[in-house]
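Trainee: Protein chains in written order, with the numbering used here: chain A, 1 to 592; chain B, 1001 to 1441. C-beta: ideal position from N, C-alpha, C; glycine also.
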Amino acid sequence: MPSIYPEYKNILSYLSLVVVSAAGCADDPYASDPAITSNVDDWRDEVIYQAMVDRFADGDVNNNEGVTRDPAELARWQGGDWQGLIDRASYLEALGVTALWISPVVANVEEDAGIGGYHGYWTRSFIDTNPHFGDIAKLRELVAVMHDHGIAVIVDIVVNHVGQLFYYDINQNGQPDITTLYATDGSDTVDIVTEWDPAYDPRGVQSFTSLGESGPAPLGWVYMPELNRLPPEPAEFQDDGWYHRRGRVTDWSDQAQVELADFPGGLKDLATERPEVREALIRVFSDWITWTDIDGYRIDTVKHVERDFWAEFAPAIRAHAEEIGKENFLLFGEVFDGDDALIGSYTGADGLDANVYFSQKYQVFDGVFKDNAPTSTIAALFAQRDAHYGIDPTGPAGVAPRDLLVNFLDNHDVPRFLWQQDDTTALQAALLFLFTEDGLPCLYYGTEQGFSGGNDPANREPLWRSGYATDGALFGYISSLAALRAEIPALRRGSLTLTWTTDHTGAEEDAGAVAFVRDDGASSALVVINASATQDAATSFGGVDMVTPFPAGTVLEQRWPEAGATWVVGAGGALRVEVGPRQGVVLVPAAG
Amino acid sequence: MILHLLIVIIEWSVSDCYATDIWFGSYGRVPVSTDLSAGAGGGHGSPAQIVSHGPRVDAEPYLELDFKLWRHGKDGDFGMVFTPAVAGELFAYSGVWDTQIAIRNLYAEAEAAPFTLWAGARMYRGSDLFLLDFWPLNDLNIVGGGAGFLWDDGRADLAVGFNRLRAEEWQYQIREVPEAGGTGTEEVLSLDRQRVVGAAAVSHRWGGTVDVRPEFYLEGHFLPRGDRYIGDLITETLPSDGGLAGGLSLRIGGADGWGTLWSRAAGGLAVWDELEVPEGAFNTAYTTRGAALHRLALEGGWTERAVGVIGGGYVERRTDADGVRDADDRWEASAAVRAQWLFGKHGDIGLEFSQQVLAADGINPRSQRHEVGQISRVQLMPAYQMGWGHRYQPQLRIQYSLSVLNEGARLQFPAEDLRSATAVQHRLGLAAEWWFSEKVK
Chain A
1 MPSIYPEYKN ILSYLSLVVV SAAGCADDPY ASDPAITSNV DDWRDEVIYQ
51 AMVDRFADGD VNNNEGVTRD PAELARWQGG DWQGLIDRAS YLEALGVTAL
101 WISPVVANVE EDAGIGGYHG YWTRSFIDTN PHFGDIAKLR ELVAVMHDHG
151 IAVIVDIVVN HVGQLFYYDI NQNGQPDITT LYATDGSDTV DIVTEWDPAY
201 DPRGVQSFTS LGESGPAPLG WVYMPELNRL PPEPAEFQDD GWYHRRGRVT
251 DWSDQAQVEL ADFPGGLKDL ATERPEVREA LIRVFSDWIT WTDIDGYRID
301 TVKHVERDFW AEFAPAIRAH AEEIGKENFL LFGEVFDGDD ALIGSYTGAD
351 GLDANVYFSQ KYQVFDGVFK DNAPTSTIAA LFAQRDAHYG IDPTGPAGVA
401 PRDLLVNFLD NHDVPRFLWQ QDDTTALQAA LLFLFTEDGL PCLYYGTEQG
451 FSGGNDPANR EPLWRSGYAT DGALFGYISS LAALRAEIPA LRRGSLTLTW
501 TTDHTGAEED AGAVAFVRDD GASSALVVIN ASATQDAATS FGGVDMVTPF
551 PAGTVLEQRW PEAGATWVVG AGGALRVEVG PRQGVVLVPA AG
Chain B
1001 MILHLLIVII EWSVSDCYAT DIWFGSYGRV PVSTDLSAGA GGGHGSPAQI
1051 VSHGPRVDAE PYLELDFKLW RHGKDGDFGM VFTPAVAGEL FAYSGVWDTQ
1101 IAIRNLYAEA EAAPFTLWAG ARMYRGSDLF LLDFWPLNDL NIVGGGAGFL
1151 WDDGRADLAV GFNRLRAEEW QYQIREVPEA GGTGTEEVLS LDRQRVVGAA
1201 AVSHRWGGTV DVRPEFYLEG HFLPRGDRYI GDLITETLPS DGGLAGGLSL
1251 RIGGADGWGT LWSRAAGGLA VWDELEVPEG AFNTAYTTRG AALHRLALEG
1301 GWTERAVGVI GGGYVERRTD ADGVRDADDR WEASAAVRAQ WLFGKHGDIG
1351 LEFSQQVLAA DGINPRSQRH EVGQISRVQL MPAYQMGWGH RYQPQLRIQY
1401 SLSVLNEGAR LQFPAEDLRS ATAVQHRLGL AAEWWFSEKV K
């Protein structure tokens, strides 16, 4: 028989001793709240990796009940869990990741209309872990293991809504009717209404009878334990009054609907203007920090919550973190919108530390790096930062929100970069920009493996398809960029000064060129990238070269992609650097 | 195969025999009790248990009938054993006309000293820990056969058997497919993998003032790979699996007392009962490789005329294969001590203290903490029995028990479960228990 049972050796020794082994005693370092540690000095030093837990790695097959594992069914559970992340911590470390953003950890509705709650945004209980991912001890272990690997942990949270835990009993028959037919406006025209997800009504969803309206529709809380579709926990969230009860948003331009209506999919909107709701949300999300020693929150659907909620929630969470000894806890959010001013408006002392930079995603990574928009787009966008984002040092370690923007190419809600632009060199040029601009680079899982899925859920591929290869070109490219960023302080904390952008997108010599200097006072770097797919680009046009802040005669050495070449800065800081299509260089002043 | 053996035995016995013995025996127990809270929202019918093997006196109703035909031939002895068993709730209790019947033994055996042979289905067991109704070293249910070699005061046995569990579509799966060449569906067998279980035991008895009997035991399990259909035209591979177990028992007996020690260590598939699917315990390859069990058990008794004391218990450490410290990785201990006083020829009063301890590595999902569940129980059992002796049966008992469940024990049950609600439980009940085997011819 092949030697597949190493435990047999234990049996033999055991037989000779005839004593019960003391191995594996139940002394568990994760049995109670962990010691609180501070793991981030300055978030600008970090490289964030967004992992959808259900898709990253399946480390424990025993929590797969109800998991299809069918790669053709990406809208359903696939089996990833926290143990999988623990098992693959070295993979993340090899990639250069220093902060891990994980899916919501709370227990979710298992399934709704055939779609799985694998993503974690359908909260059922604010105080229980998602059993498909692990228990509280496993989450503590995950955080501790990541900390041991030098990786901070950011948890995704949702305060705007819960899962589809109740229906509107419009016809008051005590059951959720998928289609009911009513003349909702009193006319002869019959409307189709679903009691799970009726359309927005500013008065609140109304009941109807054959005689017409009959007042607010009562809520029907669902009790379906087989789907973990139960009234929410803690029990105080089972109060009907804690929800807006106005039905599903139908007009995204109506701010009232954006904030008060149920999110599509019947996700019931919490009445976050109520003090007791705020107090409860602050309490549960303070507790998760205490329970697990996590280092930050990424907050979902920020713009769908009353704006003044954040002025209460964010300071309270910060205060709790500081109170228990957690320094530099990060709060950044998702304002899923291309409006830069709107995104920035949620940051500051009375808001969040930062937000994911959707306006940059659309204008720069989609516009410039995929669709050949002029690089002057970058200058125009960046010029708005001071006006749109908090500039006071209110964030962790006294960094202003303006300088903590979470930069990203794609995420779980948008198609992957390579789906829209399948040229890997375009992705590489964008990645160079991502890792050298100011702010926090945030990498969506699978980018390092060349994943190219389209819209949700195609962009949520199981990472195990890749075999977790670390010898692929993209993996190596990204890890080298992470190493470069770690090596040069200016690329992390330095100010950013654009030194060349252009309106040109044709055959002009600078079409596609963007250059900027990062400088932290002690170190500096010049980054030159050519976003053009078709031609070389130079930091020069019409005989006028780029002006850099470097004194004339400064020798700049190429540090990336490989060391070797040098440039000498001309009079007045002038410098002409030419790079190939979708290529880039990083130059640093020569020592001495 | 079994039928063929029976035919051979019958033919042999008809043609060449000089004595036939027929034995009938039975083991059975019928307990019933109440928690004395009728009318107060309670009245539930079973005592709380959090370990694998609680006190024997709390066990569910069970009945075995043993039929044994034994013929003595010129060159050896032959026989067959048939043991149907009945378990589950009794009709008079549940009102449900639904009895569970199992065939625990159905085998034929031949003995021609110094060899024995058997084939069929049988319980293949060693000695039990009486107070907990538990076989700590070896307790197999197999369909197969075996051979033994006997010598004065000792024997060596080998057995091999098979099983193919129907549970959880782990070894066996039937599914519906479109009917070939027709309409509708038909059932097909899409997974059928047998587990092979082998066991070997050697024991010897040294008699004298003190009787000493050690037994050494080895057990192996092997399960071949199989493919299981999981839906949506997807089939997954269940890899081959296996496990080994080994251990010993040592029984020492004297004029007034006796004691037995058992120890068992197991790895892989042998960690679990051969009739149990190790659900929730697989590693990422869907095998049990890496699982381990260590168990130590003791039982002893002492008798001085009308007074007797018997005590026993076990402690075990079980870890599963998934590498995740959860509820499947646990320390478990259970022990009982019973003192008995005999009155006259038929009277007996027993007082039993028992303790159950369960400490899982995983945190309790209700409390979000590690919990050590403990149930302490004292039972007073006046009994009327057929003869004079501390374990003499049949026995008619009155049982009163007082159980104290700590919070950790109550948290083992869902919040909605009656047993999670009460820290102190009183129970009063009646029980009958018997065990006999007699040659009726």
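Pick out the complete beta strand (DSSP E) segments inside the segment 1190-1268 of chain B, 3 residues or longer, and give them in chain order.
Mentor: Qualifying beta strand (DSSP E) stretches, in chain order: 1195-1204, 1211-1223, 1226-1231, 1234-1238, 1241-1253 and 1257-1268.
Trainee: Any idea what DSSP makes of B:A1121, helix, strand or coil?
Mentor: Correct three-state label for B:A1121: strand.
Trainee: Consider the Cβ of B:F1413: report whether some Cβ of chain A lies at a distance smaller than 7 angstroms.
Mentor: Not an interface residue.
Trainee: Going by beta carbon distance, what residues of the same chain come within less than 7 angstroms of A:R492, once the five residues before and after it are set aside?
Mentor: Taken in chain order, the residues that qualify are R44, D45 and R485.
Trainee: Please report the distance separating the alpha-carbon of A:F329 from that of A:G163.
Mentor: Rounded to the nearest angstrom, the two C-alpha atoms are 27 angstroms apart.
Trainee: Quick one: list the residues of chain A neighbouring B:Q982, beta-carbon separation under 7 angstroms, in chain order.
Mentor: This structure gives no information on residue 982 of chain B, because the portion of chain B shown stretches from 1001 to 1441.
Trainee: Residues of chain A with CB closer than 7 angstroms to the CB of B:Y1286, please, in chain order.
Mentor: By Cβ distance, chain A contributes V61.
Trainee: Is the shortest distance between the beta-carbon of A:D70 and the beta-carbons of chain B less than 7 angstroms?
Mentor: Chain B, which has a Cβ nearer than 7 angstroms to the Cβ of A:D70, makes this yes.
Trainee: May I ask which residues mark the beginning and end of the beta strand (DSSP E) holding B:K1439?
Mentor: First-last of the beta strand (DSSP E) with B:K1439: V1424 to K1439.
Trainee: As a quick exercise: from B:G1025, B:A1092, B:Q1049 and B:A1019, pick the residue whose alpha carbon is nearest that of B:L1405.
Mentor: Of the listed residues, the one whose Cα sits closest to B:L1405 is B:Q1049.
Trainee: Compare the C-beta of A:Q83 with all C-beta atoms of chain B and state if any pair is closer than 7 angstroms.
Mentor: So, interface residue.
Trainee: Distance check for B:A1431 and B:Y1062, CA to CA, integer angstroms please.
Mentor: Each residue's Cα considered, the two are about 12 angstroms apart.
Trainee: When the Cα of B:E1236 is compared with those of B:Y1286, B:L1411, B:A1201 and B:E1187, which residue comes out closest?
Mentor: Selected option, being the one with the closest Cα: B:Y1286.
Trainee: My output table needs one value for B:H1294: the three-state DSSP class, helix, strand or coil.
Mentor: DSSP places B:H1294 in strand when its eight states are reduced to three.
Trainee: DSSP three-state call for A:P202: helix, strand or coil?
Mentor: Of the three classes helix, strand and coil, the one that applies to A:P202 here is coil, per DSSP.
Trainee: If the cut is a Cβ gap below 9 angstroms, which residues of chain B does A:E73 touch?
Mentor: The answer, in chain order, is D1232.
Trainee: Check each residue of the segment 47-60 of chain A: if its Cβ is closer than 8 angstroms to any Cβ of chain B, include it; give the result in chain order.
Mentor: From the segment 47-60 of chain A, only D58, G59 and D60 have a Cβ closer than 8 angstroms to chain B.
Trainee: Apart from the five residues just before and just after A:S3, which ones in its own chain have a Cβ nearer than 6 angstroms to its Cβ?
Mentor: Legend: pLDDT at A:S3 = 40, less than 50; position of this residue unreliable, value from coordinates given subsequently. Once the five neighbours on either side are set aside, A:S3 has no close Cβ partner at all.
Trainee: Which residues of chain A have a Cβ atom closer than 8 angstroms to the Cβ of B:D1139, listed in chain order?
Mentor: In chain order: nothing, as chain A lies at least about 18 angstroms away.
Trainee: State the Cα-Cα distance for the pair A:H161 and A:P34, rounded to the nearest angstrom.
Mentor: Taking the straight line joining both Cα atoms gives about 29 angstroms.
Trainee: Applying the criterion that 16 or more other CB atoms from any shown protein chain within 10 Å of the CB defines a buried residue, is A:M224 buried or exposed?
Mentor: Exposed is the call here.
Trainee: Return the first residue and the last residue of the beta strand (DSSP E) that B:F1024 is part of.
Mentor: Its beta strand (DSSP E) spans residues A1019 to T1034.
Trainee: Quick check: what's the CA-CA separation for A:G344 versus A:N355?
Mentor: Looking at the two C-alpha atoms, the distance is approximately 7 angstroms.
Trainee: Do you know how far the Cα of A:E110 is from the Cα of A:P462?
Mentor: Roughly 19 angstroms between the two C-alpha positions.
Trainee: Just the C-alpha distance for A:A22 and B:R1264, rounded to the nearest angstrom, thanks.
Mentor: Confidence at A:A22 is low in this model, with a pLDDT of 37, below 50, so its placement is unreliable and the value that follows should be read with caution. The straight-line gap from Cα to Cα measures roughly 15 angstroms.
Trainee: Give every residue of the same chain whose Cβ lies closer than 7 angstroms to the Cβ of A:L227, excluding the five residues on either side of it in the sequence, and list them in chain order.
Mentor: Excluding sequence neighbours, A:L227 sits near V109, E110 and E111.
Trainee: Mind checking whether B:A1087 and B:Q1100 have CB atoms under 7 angstroms apart?
Mentor: A contact, by the Cβ cut-off of 7 angstroms.
Trainee: Taking the alpha carbon of A:Y91 as the reference point, which residue from A:V414, A:A591, A:F475 and A:G570 has its own alpha carbon closest?
Mentor: Closest by alpha carbon: A:F475.
Trainee: Give me whichever residues DSSP pairs with B:G1178 in a beta bridge.
Mentor: Here the sequence assigns Pro to residue 1178 of chain B, which means Gly is not the residue at that position. Bridge partners of B:P1178: B:T1185.
Trainee: Would you check if the distance between the CB atom of B:P1055 and the CB atom of B:S1403 is smaller than 7 angstroms?
Mentor: No, they are not a contact pair.
Trainee: Cα separation between A:Y168 and A:Q257?
Mentor: One C-alpha to the other measures close to 17 angstroms.
Trainee: Contact between the segment 421-435 of chain A and the segment 385-400 of chain A is defined here as three or more beta-carbon pairs at a separation below 8 angstroms; is this criterion met?
Mentor: Verdict: no, contact absent.
Trainee: Looking at B:G1257: is its Cβ nearer than 7 angstroms to the Cβ of B:W1206?
Mentor: Contact: no.
Trainee: Residues in the same chain with beta-carbon distance under 6 angstroms from A:L443, minus the five sequence neighbours each way, listed in chain order, please.
Mentor: Excluding residues within five positions, the ones whose Cβ falls inside 6 angstroms are Y49.
Trainee: Decide if B:Q1412 is buried, meaning its Cβ has at least 16 other Cβ atoms within 10 Å, or exposed.
Mentor: Burial call: buried.
Trainee: Consult DSSP for A:L405 and reduce its assignment to one of helix, strand or coil.
Mentor: Here A:L405 sits in coil by DSSP.
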